[in-house]
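K.L.:
2 protein chains.
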Amino acid sequence: MELDETDREILRILQSDARTPFSEIARRIDMSSATVHDRVGRMEDAGVIEGYHAKIDPRSVGLGTSAFVGLRIEQGREDDALDRLREIEGVQEIHLTTGEWDVMLRLTVEDTDALREVMFEEVSRIKGFSRSQTMVVLATDLEEAALSI
Amino acid sequence: MELDETDREILRILQSDARTPFSEIARRIDMSSATVHDRVGRMEDAGVIEGYHAKIDPRSVGLGTSAFVGLRIEQGREDDALDRLREIEGVQEIHLTTGEWDVMLRLTVEDTDALREVMFEEVSRIKGFSRSQTMVVLATDLEEAALSI
DNA sequence: CATGAAAGAATGAGCAG
DNA sequence: CTGCTCATTCTTTCATG
């Protein structure tokens, strides 16, 4: 889908506050709210807008510990191993990467004890990984939700 | 702030669709929309809800390449180096971690050429980093926006 | 936590350039 | 083809019990 500057402006607004009323967006971009409605609908249908999500402070809901986990995967076992990773609670992201690791996980769990449990009782038990490294997040200095559109 | 089961239910709904009308949330949790309004307001004020963001497909806006970058930082140079990282366009996340790397970046850029440019023209020029490794994301198998509340 | 009322917003049809 | 107007319905918001 082709996006013009008006679409991009709408995306910027919805990225920074997804609950902005269409009428308010319309005011800011100087168009009618019906037009905003149309354009947003088209971008949703085209998959440009994948969804709208509240960002919750993890600590407030008892998820105070986060980590990156690099994994080396044995040839031929990729699919099954990934399927099993996907089912582990706390596994927030799974990326396939070049470089030192084949798979990079992002974990979000209660505390370091829960992290140990996920790693030793769940991840380590999956066949197909030959090596792993856990990088515990000590602090997050920047976490920008918005893309530079 | 103390969250009860009703608050958590509201959070789950807003995590999965931040544009769900309060009136609809009210129907689902069997309370009045005024109560939902109150509770959401209190969670916003308390910082439990940090914001509402549209999730945009990066490819649709020409940001097709993503990478993790591990960095080793020299003692005493932390603050200045982080300040300069924060200003680089394409740096989406900055985490301080234990393990092989002191800093883990998440980059989102146009293509591999833009990635090379960010790494060689921007990141590499910052004093204070002794070593780096770039892990290009080949595919993202799972990217769960919602926490398991 | 609910009710009720006023203001505001979403939504879709039909129309104009 | 794109955006607007207009009318209906639904939602937000807040004062009050």
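Chains as they are written, first to last, in this note's numbering: chain A, 6 to 154; chain B, 6 to 154. By construction, the Cβ of each residue, glycine as well, lies at the ideal position given by its N, Cα and C atoms.
1. Expressed to the nearest angstrom, what Euclidean distance is found between the alpha-carbon atoms of G113(A) and V141(A)?
2. Taking the C-alpha atoms as reference points, what is the distance between A39(A) and G46(A)?
3. Does F125(B) pass the burial test, meaning 16 or more other C-beta atoms within 10 Å, or should it be called exposed?
4. Between the region 27-37 of chain A and the region 72-84 of chain A, are three or more C-beta pairs nearer than 8 Å?
5. Pull up the distance between the alpha-carbon of L101(A) and that of H42(A), whole angstroms please.
6. Taking just the CA atoms, how far does R136(A) sit from S71(A)?
7. From the DSSP output, read off the bridge partner residues of F27(A).
8. For A31(A), tell me which candidate among I15(A), A23(A), R91(A), R111(A) has the shortest Cα-Cα distance.
9. For I154(B), name the three-state secondary structure that DSSP assigns.
10. Which same chain residues, not among the five before or five after M48(B), have their C-beta less than 8 Å away from its C-beta?
11. Output needed in chain order: residues of the region 59-71 of chain A with a Cβ under 7 Å from some Cβ in chain B.
12. Whole angstroms are fine: how far does the CA of Y57(B) sit from the CA of L87(A)?
13. Is it the case that the CB of K60(A) approaches a heavy atom of the ligand FMN more closely than 8 Å?
14. Please give me, in chain order, every unbroken run of the alpha helix (DSSP H) with length at least 4 that falls completely inside the region 106-134 of chain A.
15. May I ask you to list the residues that DSSP assigns as paired with R13(B)?
16. So, under 8 Å CB-CB, L152(B) and L143(A) are touching, yes? Tell me the CB distance rounded to an integer number of Å.
17. Just confirm the distance between the C-beta atoms of G104(B) and T139(A), as a whole number of angstroms; I'd bet it's less than 8 Å.
18. Going along chain A in order, which residues have a C-beta closer than 8 Å to the C-beta of I54(B)?
19. Flag this pair as yes or no: are the beta carbons of W106(A) and R77(A) separated by less than 9 Å?
20. From L120(B) to I154(A), what does the alpha carbon distance come to, in whole angstroms?
21. Kindly say whether V96(A), judged by its beta-carbon, lies nearer than 9 Å to any beta-carbon of chain B.
22. For K53(B), list the residues DSSP reports as bridge partners.
23. Name the chain A residues that come within less than 8 Å of A150(B), Cβ to Cβ?
24. According to the neighbour-count rule (16 or more other Cβ atoms, all chains shown, within 10 Å of its Cβ), is A51(A) buried or exposed?
P.N.:
This is what the structure gives:
1. The residue you call residue 113(A) lines up with position 108 of the first sequence. The residue you call residue 141(A) lines up with position 136 of the first sequence. It should be noted that the sequence gives Thr, not Gly, for residue 113(A). Roughly 10 Å between the two C-alpha positions.
2. Numbered from its first residue, the first sequence carries residue 39(A) at position 34. Numbered from its first residue, the first sequence carries residue 46(A) at position 41. Spanning the two alpha carbons is a distance of roughly 10 Å.
3. Locating residue 125(B) in the second sequence gives position 120, where the first residue counts as 1. Exposed: under 16 other Cβ atoms inside 10 Å.
4. no
5. The count along the first sequence starts at 1 and reaches residue 101(A) at position 96. The count along the first sequence starts at 1 and reaches residue 42(A) at position 37. Answer to the nearest angstrom: the Cα atoms are 36 Å apart.
6. In the first sequence, counting from the first residue as 1, residue 71(A) sits at position 66. In the first sequence, counting from the first residue as 1, residue 136(A) sits at position 131. Approximately 20 Å, taken between the alpha carbons.
7. The residue labelled residue 27(A) in the question sits at position 22 within the first sequence. Note: F27(A) sits in no beta bridge, so no partner.
8. Residue 31(A) sits at position 26 when you count from the first residue of the first sequence. For the residues I15(A), A23(A), R91(A), R111(A), the minimum Cα distance to A31(A) belongs to I15(A).
9. Position 149 of the second sequence, counting from 1, holds the residue named residue 154(B). Coil at I154(B), not helix or strand.
10. The residue labelled residue 48(B) in the question sits at position 43 within the second sequence. Contacts found: M6, L8, D12, I15, L16, I54.
11. A59, K60, I61, D62, P63, S65, V66, L68
12. In the first sequence, counting from the first residue as 1, residue 87(A) sits at position 82. In the second sequence, counting from the first residue as 1, residue 57(B) sits at position 52. So the alpha carbons of these two residues sit roughly 30 Å apart.
13. This structure simply doesn't include the ligand FMN, nor any ligand for that matter.
14. 117-122
15. The count along the second sequence starts at 1 and reaches residue 13(B) at position 8. Note: R13(B) sits in no beta bridge, so no partner.
16. Position 147 of the second sequence, counted from the start, is the residue given in the question as residue 152(B). Position 138 of the first sequence, counted from the start, is the residue given in the question as residue 143(A). Between L143(A) and L152(B) the Cβ distance is about 19 Å, and since that is not below 8 Å, they are no contact.
17. Residue mapping note: residue 104(B) aligns to position 99 of the second sequence, counting from 1. Residue mapping note: residue 139(A) aligns to position 134 of the first sequence, counting from 1. At roughly 6 Å, the Cβ-Cβ gap stays under 8 Å, so G104(B) and T139(A) are in contact.
18. As a working mapping, residue 54(B) is identified with position 49 in the second sequence. Here the neighbours are A59, K60, I61, D62.
19. Taking the first sequence and counting its residues from 1, one reaches residue 106(A) at position 101. Taking the first sequence and counting its residues from 1, one reaches residue 77(A) at position 72. Going by C-beta atoms, W106(A) is nearer than 9 Å to R77(A).
20. The residue given as residue 120(B) occupies position 115 in the second sequence. The residue given as residue 154(A) occupies position 149 in the first sequence. Between L120(B) and I154(A), the C-alpha separation is close to 16 Å.
21. On the first sequence, residue 96(A) is found 91 positions in, with the first residue counted as 1. Taking Cβ atoms only, chain B reaches closer than 9 Å to V96(A), which makes this a yes.
22. Numbered from 1 along the second sequence, position 48 holds the residue referred to as residue 53(B). Contrary to the premise, residue 53(B) reads as Val rather than Lys in this sequence. For V53(B), which the question treats as bridged, DSSP gives no partner whatsoever.
23. Within the second sequence, the letter at position 145 stands for residue 150(B). Result: G56, H58.
24. The residue labelled residue 51(A) in the question sits at position 46 within the first sequence. Classification of A51(A): exposed, given that the 10 Å Cβ count is below 16.
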